[in-house]
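K.L.:
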Amino acid sequence: MAESREWTYQGRQGDLAARTWSGTGEPVRVVLIAHGYGEHVGRYERLADRLVADGAVVYAVDHVGHGRSDGERVLIGDFEDVVDDFRTLHETARREHPGLPVVLLGHSMGGLIAARYAQRYGNTLAALVLSSPVVGRWDAVGQLLAFDEIPDVPLDITTLSRDPAVGEKYAADPLVWHGPFKRATLQALERSIDAVGQGPALPEGLPVMWIHGEADALVPIDGSRAGVEHLRGPRFVERTYPEARHELFNELNADAVTNDVTRFIREAAG
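Residue numbering for the sequence shown is 1 to 270, as defined by full-length UniProt numbering.
This is the structure we're talking about:
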């Protein structure tokens, strides 16, 4: 199992809780992980272990208002600020491991953050992995904003994975947000989805991998496809998984998904 180190750094709105996973040998690459809405980096231990076993040192941070980081819970007023905060994580990783190629992996809302980050800083990355990303079209945002009051309806935990234990653990996790969306966060999501859609394609030389569950009811695959098509360049790999739901790294076929991702990273970044 990888060794983990917890640390903090100053973000635009307070202290951010970060984590680094490493092995006993010298790493050959850095992998940055951007987590999804309402969750935290502690849910990525198994993925980090696998990436470390394949030669990476892994960095992740709880976004503002998430997990152990400062800020009103799940309140994000501007995703450009989140990208700025993530830039500090990246710079720390590069300072601690100079010369190593850096891969960015973003899941769900973290996929949106990763896509925007790559639009702004793609020339500093060796590869990009988008897992069930909120890009292109996500109808849930407009549907929720249409309400005068955002409904306080808990997430349907069965949409996460076919493994019931995943949803049960999520529902019992005190660091996961179990309340309603904040209107300001939904508005920021809408603006950021538009910014990615209207922003530049990624550098042609940047390898991009898109993975998505074909039975993802939380972030449906068809809505994400348009955003991915806008971003992708000639070095593009797509993997979709029949019957898989939203959290591919926690799915019944998680080992196969992780093998696909680690192979892509190894081939793209060395």
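Idealized CB from N, CA, C, for every residue including glycine.
(1) Which value, in whole angstroms, describes the spacing of the CA atoms of V102 and D84?
(2) Cβ of L112 within 9 angstroms of Cβ of S22?
(3) Return the chain-ordered ranges of every alpha helix (DSSP H) run that is complete within the segment 74-121 and spans a minimum of 4 residues.
(4) In whole angstroms, what is the alpha-carbon distance linking P154 and A217?
(5) Measuring alpha carbon to alpha carbon, tell me which residue in N250, E251, W210, E247 is nearest G233.
(6) Here's the rule: buried if 16 or more other CB atoms are within 10 angstroms of the residue's CB, otherwise exposed. What is G106?
(7) T88 CB to nearest chain B CB: under 9 angstroms?
(8) Cutting at 8 angstroms between CB atoms, please list the residues of its own chain near R50, excluding the five before and the five after it.
(9) Whole-angstrom Cβ separation of L100 and V28, contact assumed at under 8 angstroms?
(10) Alpha carbons only, please: which of V61, D148, E238 is nearest the one belonging to E6?
(11) Roughly how many angstroms lie between the CA atoms of H97 and V52, to the nearest whole one?
(12) Do you know how far the Cα of G67 is from the Cα of Y37?
(13) Alpha carbons only, please: which of H63, E72, M109, L145 is nearest the one belonging to R87?
(14) Residue range of the beta strand (DSSP E) that D54 falls in?
(15) Out of curiosity, what's the CA-to-CA distance linking D81 and D54?
(16) Quick check on Y59: does DSSP put it in helix, strand or coil?
(17) Return yes when the Cβ of A127 is within less than 9 angstroms of the Cβ of A268, no when it is not.
(18) Excluding the 5 residues preceding and the 5 following D260 in the sequence, name in chain order all residues of the same chain whose CB lies nearer than 6 angstroms to its CB.
(19) Can you name the residues that DSSP bridges to L130?
(20) Mark P164 as exposed unless 16 or more other C-beta atoms lie within 10 angstroms of its C-beta, in which case mark it buried.
(21) If you compare alpha carbons, which of R245, E149, V237, Q198 is closest to E214?
(22) Assign G142 to one of two classes, buried (16 or more other C-beta atoms within 10 Å of its C-beta) or exposed (fewer than that).
(23) Quick check: the Cα distance between I265 and P242, rounded to an integer number of angstroms?
(24) According to the neighbour-count rule (16 or more other Cβ atoms, all chains shown, within 10 Å of its Cβ), is P151 buried or exposed?
(25) Can you tell me which of L104, I157, L231 puts its alpha carbon nearest to the alpha carbon of G167?
P.N.:
Taking the definition as stated:
(1) Within the sequence shown, numbered from 1, the residue matching residue 102 stands at position 102. Within the sequence shown, numbered from 1, the residue matching residue 84 stands at position 84. Approximately 17 angstroms, taken between the alpha carbons.
(2) The sequence position of residue 112 within the sequence shown is 112, counting from 1. The sequence position of residue 22 within the sequence shown is 22, counting from 1. In this structure, S22 does not lie closer than 9 angstroms to L112 by Cβ.
(3) Within the segment 74-121, the complete alpha helix (DSSP H) segments at least 4 residues long are 79-96, 109-121, listed from N- to C-terminus.
(4) Stepping through the sequence shown from its first residue, residue 154 is reached at position 154. Stepping through the sequence shown from its first residue, residue 217 is reached at position 217. Those two C-alpha atoms are separated by around 15 angstroms.
(5) Position 233 of the sequence shown holds residue 233. Just measuring C-alpha positions, the residue of N250, E251, W210, E247 sitting nearest G233 is W210.
(6) Working through the sequence shown from its first residue, we reach residue 106 at position 106. The residue is buried, with at least 16 neighbouring Cβ atoms inside 10 Å.
(7) No chain B appears in this structure, which consists of one protein chain only.
(8) As a position in the sequence shown, residue 50 is number 50, starting the count at 1. Closer than 8 angstroms at Cβ, skipping near neighbours: T258, T262.
(9) Taking the first residue of the sequence shown as position 1, residue 100 is located at position 100. Taking the first residue of the sequence shown as position 1, residue 28 is located at position 28. That belief holds up - the Cβ atoms of L100 and V28 are roughly 7 angstroms apart, short of 8 angstroms.
(10) Numbered from 1 along the sequence shown, position 6 holds the residue referred to as residue 6. Proximity to E6 across V61, D148, E238 peaks at V61, based on C-alpha coordinates.
(11) In the sequence shown, the residue the question calls residue 97 occupies position 97. In the sequence shown, the residue the question calls residue 52 occupies position 52. Counting only the Cα atoms, V52 lies some 14 angstroms from H97.
(12) Position 37 of the sequence shown, counted from the start, is the residue given in the question as residue 37. Position 67 of the sequence shown, counted from the start, is the residue given in the question as residue 67. Straight-line Cα distance between these residues: approximately 10 angstroms.
(13) Along the sequence shown, read from residue 1 onward, the residue named residue 87 stands at position 87. Ranking the options by Cα distance to R87, first place goes to H63.
(14) For the purposes of this step, residue 54 is taken as the residue at position 54 of the sequence shown. Taken as a continuous stretch (DSSP letters only), D54 belongs to no beta strand (DSSP E), as it is neither H nor E.
(15) Locating residue 81 in the sequence shown gives position 81, where the first residue counts as 1. Locating residue 54 in the sequence shown gives position 54, where the first residue counts as 1. For the pair D81 and D54, the Cα-to-Cα distance works out to about 32 angstroms.
(16) Numbered from 1 along the sequence shown, position 59 holds the residue referred to as residue 59. Y59 falls in the strand class under three-state DSSP.
(17) Against the sequence shown, residue 268 aligns to sequence position 268. Against the sequence shown, residue 127 aligns to sequence position 127. For the 9 angstroms CB-CB criterion, A268 and A127 form a contact.
(18) Within the sequence shown, the letter at position 260 stands for residue 260. In the same chain as D260, and ignoring 5 residues on each side of it, the C-beta atoms closer than 6 angstroms to its own belong to R239, in chain order.
(19) Here residue 130 refers to the residue found at position 130 when the sequence shown is read from its first residue. For L130, the pairing in a beta bridge is given by DSSP as G106, W210.
(20) Counted from its first residue, the sequence shown places residue 164 at position 164. Within a 10 Å sphere around the beta-carbon of P164 sit fewer than 16 other beta-carbons, which makes this residue exposed.
(21) Residue 214 sits at position 214 when you count from the first residue of the sequence shown. The candidate whose alpha carbon is nearest that of E214 is R245.
(22) Counted from its first residue, the sequence shown places residue 142 at position 142. Burial call: exposed.
(23) Residue 265 sits at position 265 when you count from the first residue of the sequence shown. Residue 242 sits at position 242 when you count from the first residue of the sequence shown. The C-alpha of P242 is placed about 22 angstroms away from the C-alpha of I265.
(24) Here residue 151 refers to the residue found at position 151 of the sequence shown. Within a 10 Å sphere around the beta-carbon of P151 sit fewer than 16 other beta-carbons, which makes this residue exposed.
(25) Counted from its first residue, the sequence shown places residue 167 at position 167. Closest by C-alpha distance to G167, out of L104, I157, L231, is I157.
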